[in-house]
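*Asks:*
There are 2 protein chains.
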Amino acid sequence: MPDLPLMVTGHAAGEAANLLVAGRFLLIFLTARLFAEGMVRWRLPTILGELLAGVLLGVSGLRLVVPPESGVPLSPWLVTQLGFLSDLAPDQVLAVADESFPALQVVASLGLYALLFVTGLESDLDELIAVGGQAVSVACTGVVLPFLLGTGGLMLLFHVDPVPAVFAGASMTATSIGITASVFAELGMLRRREGLIVIGAAVLDDILGIVILAVVVAFAGDGSLTPGPILQLVAAALVFVLAAIALSRRIGPAFDRLIDVLKAPGELVVAAFVVLFVACFTATAIGLEAALGAFAAGLILSNSSRREAIRDAVTPVVSLFATVFFVLIGTAMDLSVLDPTDPTNRSGLLVALFLLLAAIVGKLASGWSFVSREPTDRLLVGVGMLPRGEVGLIFLGLGTAAGLLSPALEAAILLMVIGTTFLAPLLLRLLASPSMAGAQPSPLR
Amino acid sequence: MPDLPLMVTGHAAGEAANLLVAGRFLLIFLTARLFAEGMVRWRLPTILGELLAGVLLGVSGLRLVVPPESGVPLSPWLVTQLGFLSDLAPDQVLAVADESFPALQVVASLGLYALLFVTGLESDLDELIAVGGQAVSVACTGVVLPFLLGTGGLMLLFHVDPVPAVFAGASMTATSIGITASVFAELGMLRRREGLIVIGAAVLDDILGIVILAVVVAFAGDGSLTPGPILQLVAAALVFVLAAIALSRRIGPAFDRLIDVLKAPGELVVAAFVVLFVACFTATAIGLEAALGAFAAGLILSNSSRREAIRDAVTPVVSLFATVFFVLIGTAMDLSVLDPTDPTNRSGLLVALFLLLAAIVGKLASGWSFVSREPTDRLLVGVGMLPRGEVGLIFLGLGTAAGLLSPALEAAILLMVIGTTFLAPLLLRLLASPSMAGAQPSPLR
Numbered sequence: 001m002p003d004l005p006l007m008v009t010g011h012a013a014g015e016a017a018n019l020l021v022a023g024r025f026l027l028i029f030l031t032a033r034l035f036a037e038g039m040v041r042w043r044l045p046t047i048l049g050e051l052l053a054g055v056l057l058g059v060s061g062l063r064l065v066v067p068p069e070s071g072v073p074l075s076p077w078l079v080t081q082l083g084f085l086s087d088l089a090p091d092q093v094l095a096v097a098d099e100s101f102p103a104l105q106v107v108a109s110l111g112l113y114a115l116l117f118v119t120g121l122e123s124d125l126d127e128l129i130a131v132g133g134q135a136v137s138v139a140c141t142g143v144v145l146p147f148l149l150g151t152g153g154l155m156l157l158f159h160v161d162p163v164p165a166v167f168a169g170a171s172m173t174a175t176s177i178g179i180t181a182s183v184f185a186e187l188g189m190l191r192r193r194e195g196l197i198v199i200g201a202a203v204l205d206d207i208l209g210i211v212i213l214a215v216v217v218a219f220a221g222d223g224s225l226t227p228g229p230i231l232q233l234v235a236a237a238l239v240f241v242l243a244a245i246a247l248s249r250r251i252g253p254a255f256d257r258l259i260d261v262l263k264a265p266g267e268l269v270v271a272a273f274v275v276l277f278v279a280c281f282t283a284t285a286i287g288l289e290a291a292l293g294a295f296a297a298g299l300i301l302s303n304s305s306r307r308e309a310i311r312d313a314v315t316p317v318v319s320l321f322a323t324v325f326f327v328l329i330g331t332a333m334d335l336s337v338l339d340p341t342d343p344t345n346r347s348g349l350l351v352a353l354f355l356l357l358a359a360i361v362g363k364l365a366s367g368w369s370f371v372s373r374e375p376t377d378r379l380l381v382g383v384g385m386l387p388r389g390e391v392g393l394i395f396l397g398l399g400t401a402a403g404l405l406s407p408a409l410e411a412a413i414l415l416m417v418i419g420t421t422f423l424a425p426l427l428l429r430l431l432a433s434p435s436m437a438g439a440q441p442s443p444l445r
Numbered sequence: 446m447p448d449l450p451l452m453v454t455g456h457a458a459g460e461a462a463n464l465l466v467a468g469r470f471l472l473i474f475l476t477a478r479l480f481a482e483g484m485v486r487w488r489l490p491t492i493l494g495e496l497l498a499g500v501l502l503g504v505s506g507l508r509l510v511v512p513p514e515s516g517v518p519l520s521p522w523l524v525t526q527l528g529f530l531s532d533l534a535p536d537q538v539l540a541v542a543d544e545s546f547p548a549l550q551v552v553a554s555l556g557l558y559a560l561l562f563v564t565g566l567e568s569d570l571d572e573l574i575a576v577g578g579q580a581v582s583v584a585c586t587g588v589v590l591p592f593l594l595g596t597g598g599l600m601l602l603f604h605v606d607p608v609p610a611v612f613a614g615a616s617m618t619a620t621s622i623g624i625t626a627s628v629f630a631e632l633g634m635l636r637r638r639e640g641l642i643v644i645g646a647a648v649l650d651d652i653l654g655i656v657i658l659a660v661v662v663a664f665a666g667d668g669s670l671t672p673g674p675i676l677q678l679v680a681a682a683l684v685f686v687l688a689a690i691a692l693s694r695r696i697g698p699a700f701d702r703l704i705d706v707l708k709a710p711g712e713l714v715v716a717a718f719v720v721l722f723v724a725c726f727t728a729t730a731i732g733l734e735a736a737l738g739a740f741a742a743g744l745i746l747s748n749s750s751r752r753e754a755i756r757d758a759v760t761p762v763v764s765l766f767a768t769v770f771f772v773l774i775g776t777a778m779d780l781s782v783l784d785p786t787d788p789t790n791r792s793g794l795l796v797a798l799f800l801l802l803a804a805i806v807g808k809l810a811s812g813w814s815f816v817s818r819e820p821t822d823r824l825l826v827g828v829g830m831l832p833r834g835e836v837g838l839i840f841l842g843l844g845t846a847a848g849l850l851s852p853a854l855e856a857a858i859l860l861m862v863i864g865t866t867f868l869a870p871l872l873l874r875l876l877a878s879p880s881m882a883g884a885q886p887s888p889l890r
């Protein structure tokens, strides 16, 4: 930008960045709220509205909020308006838009962490441990079956090469704990037996997903698979889970004593976020997902006598920023792959329908993978494991970046992710109906 | 980064970014909390602790949280640790650190907006209007006097050229409404006569500051000063203030009716943030500060019957993210300019002491610039206008970027900003002491 004197450019670029920050939040909050209100009136989970709001604003819709990774250009109308308001040329507006997008993603991550933190906080460790065996069984079946069905089917039926087939299969193993936790909380089913099994299995699924990702990255990277780093990751995951369980018994009371000592204002929410970020940092440092750390942090503080007050203080952060997270998932979904009139889509659509079916069957079957003495709605468990959401999109993004996937297979994986993500909240709502009357919805969402 | 396969790089860079996000929040919350607890025990405003925490973490201290604009390198120890944890080379860690910093600044801005929103919410429009004359007088005197003293003194006593002298003078006109609002809220003085005058004057000061900035940028840019855009800005500011006042009478009840209709969870905090971002966007679009919009949004909703509930929902956001804002101010302060043993500092120190004195005298005098029938603590008003904080740093950053300032003058302006920023909370605390017993501290901070 050498045409303008530096100071003016800096000021104008700063103004454009401020406009984009305020404008994006405004669009996201306003659209998500409108759609969420519609969903509540139709007795559907609000997250569906947030995803749809993202689709409307994103690459498939008005292109007002577009992730730079998508390569899709921002709406020319928006670029003109922002250029007019901030005195910047169109390419400068686009540069500022790309540079300022990661900030939105960090805010979205804060929302996801806060959501999983509150999910952990609302969980009861003893109840989770009581369904531990079932959760392990559901998680493992829900990983192995979709992987085998997907990879095997692609290779045998569609003659896809092994590397892309394995990658597609791996992308089918994920469960979006964010979507599941959000819907179960809104339906008041987090503490029900099925809710506990699904949350436990989704957490384990997240851990298995990290291991699978490491295996696939090694497999696709230089083709050689050394067991050392993988075993290290598995060990780290085990230590992390056991440490979280052990700490959860002790940290609650210690946290309460600390809060009694603290005097500066805002002590509760800041102290809770310190625990949250310690756990996120630790999880990331040993190679796990930060989101897993957020859930662990909530679980660790679930024994605090101030559990309710912590939840009330963190809930506004969830309401604001988890919305941003789910809307951003929607913005990244390119629904044009669903258009059967486009000939380039047709080759992908059959593969896509197969993947979607395999993804649904594989996870649904996990609901029947365990023995239980108590009556359990197995269909509810299977449906709870369905949504791939952001985890599926992360797999897809990595595969695309590595140039592993054909356009047809890329479209097929995206369709599988979109299908399971939208289907799960709808089905959960339908299945939950009969028992809703007596359920106490969580104030979480 | 062409050495590594793209996928691994993407994953490793993402992991490093996640570590930096969690790690920075952790460092900021933990350090700020430790210092804030110390301040509370010494009966000092917590914001002093947050600024000091920033100094400790930032360019003058351990260099763990370093704004890229400062050009100061990150701590080599931190780079090594992050490189070890994420398998990245040192230059890659530095690149990720620079790229991920704007996200922290956006979160800090959200904190500032939330703080000023709650400040507006806690304000009473009629009380503000009642002290309107005094506030205008304080704001104008507090802008004109420091400017004349600073610019005139630099030119007459130190033979500084007109352009840098005008720039330095302009940087002395600012008042940090964030710092003032935070301290007054914590001391329970937002609704006292002196608090109302200072908040009103600080808001007007922000508007005057924008106009002064536009004048100085035009003056320093191509040297020619066209009155058109400046008058346009003044008109926009007037319209904005009058519109905010007019809307504040009507929006409150309309907002209440809207909330009655909304049913999706989190409706109150999301609706409040929609109003907040509409006001921020509007303010930025017409060339004013987004922070001004945030205050206006709070004022507009102060007539809502849900004022208390809105405040309670937004307060955790303030506790978390306004802390980030004040810590970041501290990280950008380079205290090495204060070291008199460094010969390059000596030429600046005399100028610096002069500027600091002029900055203090000019603002203190504003406390005696108005007529009042009721007893008013004029010293308290003058001290409330003292802190330059982030606004002074923004002026400094623009001047440095434009290459207008000599290193000595840069150091002098920084010292003036640091001095007034740290002095104001200390003095306010001392002055507020006698009346503290009966005061009701706001839960805002």
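Listed in order, the protein sequences are those of chains F and Z. Just so we're aligned: the first sequence equals residues 1 to 445 in the numbering used here. Just so we're aligned: the second sequence equals residues 446 to 890 in the numbering used here. For each residue, glycine too, the CB sits at the ideal point set by N, CA and C.
Output, in chain order, the set of chain Z residues within a Cβ distance shorter than 8 Å of residue 37 (chain F).
*Replies:* Result: 707, 708 and 709.
*Asks:* Under three-state DSSP, which class holds residue 212 (chain F)?
*Replies:* Correct three-state label for residue 212 (chain F): helix.
*Asks:* What does a CB cutoff of less than 6 Å around residue 825 (chain Z) pick up in its chain, not counting 5 residues either side in sequence?
*Replies:* Counting only Cβ-Cβ distances below 6 Å, and skipping sequence neighbours, we find 639 and 876.
*Asks:* Could one say the Cβ of residue 284 (chain F) lies closer than 7 Å to chain Z's Cβ atoms, at least one of them?
*Replies:* Cβ-Cβ to chain Z under 7 Å: yes for residue 284 (chain F).
*Asks:* According to DSSP, is residue 389 (chain F) part of a helix, a strand, or is it coil?
*Replies:* If DSSP states are grouped into helix, strand and coil, residue 389 (chain F) belongs with the helices.
*Asks:* Write down every uninterrupted run of the alpha helix (DSSP H) in the region 517-591 of chain Z whose length is 4 residues or greater and which is fully enclosed by it, in chain order.
*Replies:* As far as the region 517-591 of chain Z is concerned, its whole alpha helix (DSSP H) runs of at least 4 residues are 521-531, 535-567 and 570-575.
*Asks:* Can you check which of these residues, F:362, F:427 and F:28, is closest to residue 322 (chain F) by C-alpha distance?
*Replies:* Considering only alpha carbons, the answer is F:28.
*Asks:* If we ignore side chains and look at the alpha-carbon of each, how far apart do residue 567 (chain Z) and residue 283 (chain F) end up?
*Replies:* For residue 567 (chain Z) and residue 283 (chain F), the distance between alpha carbons rounds to 40 Å.
*Asks:* With burial defined as no fewer than 16 other Cβ atoms inside 10 Å of the residue's Cβ, what is the status of residue 465 (chain F): buried or exposed?
*Replies:* Nothing can be reported for residue 465 (chain F), as the shown portion of chain F is limited to 1 through 445.
*Asks:* Residue 425 (chain F): buried (16+ other C-beta within 10 angstroms of its C-beta) or exposed?
*Replies:* Looking at its Cβ environment, which holds 16 or more other Cβ atoms inside 10 Å, residue 425 (chain F) is buried.
*Asks:* According to DSSP, simplified to helix, strand and coil, what is residue 786 (chain Z)?
*Replies:* In this structure, residue 786 (chain Z) counts as coil in the three-state DSSP scheme.
*Asks:* In the DSSP assignment, find the alpha helix (DSSP H) that holds residue 325 (chain F) and state where it starts and stops.
*Replies:* Here the alpha helix (DSSP H) through residue 325 (chain F) covers 307-331.
*Asks:* How about residue 478 (chain Z): is its C-beta nearer than 7 Å to some C-beta of chain F?
*Replies:* For residue 478 (chain Z), the answer is yes, since a Cβ of chain F falls inside 7 Å of its Cβ.
*Asks:* So, for residue 396 (chain Z): in the same chain, excluding its five sequence neighbours on each side, which residues have a beta-carbon less than 7 Å away from its beta-carbon?
*Replies:* Shown here, chain Z extends from 446 to 890; a query on residue 396 (chain Z) therefore has no answer.
*Asks:* Helix, strand or coil for residue 365 (chain F) per DSSP?
*Replies:* Correct three-state label for residue 365 (chain F): helix.
*Asks:* Taking a contact to mean a Cβ-Cβ separation below 7 Å, would you say residue 324 (chain F) touches residue 108 (chain F) in this structure?
*Replies:* Cβ atoms of residue 324 (chain F) and residue 108 (chain F): closer than 7 Å.
*Asks:* Among F:398, F:414, F:410 and F:400, which residue has its Cα nearest to the Cα of residue 389 (chain F)?
*Replies:* The option with the nearest alpha carbon to residue 389 (chain F) is F:414.
*Asks:* Based on Cα-Cα distance, which residue from Z:468, Z:838 and Z:857 lies nearest to residue 658 (chain Z)?
*Replies:* Measuring from the Cα of residue 658 (chain Z), the nearest candidate turns out to be Z:838.
*Asks:* Does the distance from the CB of residue 492 (chain Z) to the CB of residue 718 (chain Z) come in under 7 Å?
*Replies:* It is not a contact, given that the beta carbons lie outside the stated cut-off.
*Asks:* Which same chain residues end up closer than 7 Å to residue 570 (chain Z) when comparing Cβ atoms and leaving out the 5 residues on each side of it in sequence?
*Replies:* Once the five neighbours on either side are set aside, the close Cβ partners of residue 570 (chain Z) are 690, 693, 744 and 747.
*Asks:* Kindly list, in the order they appear in chain F, the residues whose Cβ is closer than 7 Å to that of residue 463 (chain Z).
*Replies:* 284 and 290, listed in chain order.
*Asks:* What is the DSSP secondary structure of residue 18 (chain F), counted as helix, strand or coil?
*Replies:* The answer is helix: DSSP assigns residue 18 (chain F) an H, G or I state.
*Asks:* Please classify residue 155 (chain F): does DSSP put it in a helix, a strand, or coil?
*Replies:* Looking at residue 155 (chain F) - three-state DSSP - the assignment turns out to be helix.
*Asks:* Looking at residue 135 (chain F): is its Cβ nearer than 7 Å to the Cβ of residue 150 (chain F)?
*Replies:* No; because the gap between Cβ atoms is not below 7 Å, this pair is not in contact.
*Asks:* Hey, how far is the Cα of residue 630 (chain Z) from the Cα of residue 647 (chain Z)?
*Replies:* One C-alpha to the other measures close to 14 Å.
*Asks:* Can you grab the Cα-Cα spacing for the pair residue 872 (chain Z) / residue 187 (chain F), in whole Å?
*Replies:* In a straight line, the C-alpha of residue 872 (chain Z) is about 53 Å away from that of residue 187 (chain F).
*Asks:* Is the region 84-100 of chain F close to the region 526-537 of chain Z, with three or more CB pairs under 8 Å?
*Replies:* Judged by Cβ distances under 8 Å, the region 84-100 of chain F makes no contact with the region 526-537 of chain Z, as fewer than three pairs qualify.
*Asks:* Taking residue 74 (chain F) as the reference, give the member of F:94, F:183 and F:266 with the closest Cα.
*Replies:* When only C-alpha atoms are compared, the closest one is F:94.
*Asks:* Which residues in chain Z have a C-beta closer than 8 Å to the C-beta of residue 66 (chain F)? List them in chain order.
*Replies:* The contacting residues do not exist; residue 66 (chain F) stays about 18 Å from chain Z at best.
*Asks:* Taking 6 Å as the limit between beta carbons, can you name the residues of its chain near residue 840 (chain Z), skipping five residues before and five after?
*Replies:* 616.
*Asks:* Look at the Cβ atom of residue 54 (chain F), then the Cβ atom of residue 331 (chain F), and state whether they are nearer than 7 Å.
*Replies:* Going by C-beta atoms, residue 54 (chain F) is nearer than 7 Å to residue 331 (chain F).
*Asks:* Is there a C-beta anywhere in chain Z that falls below 7 Å from the one on residue 25 (chain F)?
*Replies:* With 7 Å as the cut-off, residue 25 (chain F) counts as an interface residue toward chain Z.
*Asks:* Exposed or buried, residue 164 (chain F), counting other C-beta atoms within 10 Å across all chains shown (16 or more means buried)?
*Replies:* Flag for residue 164 (chain F) reads buried.
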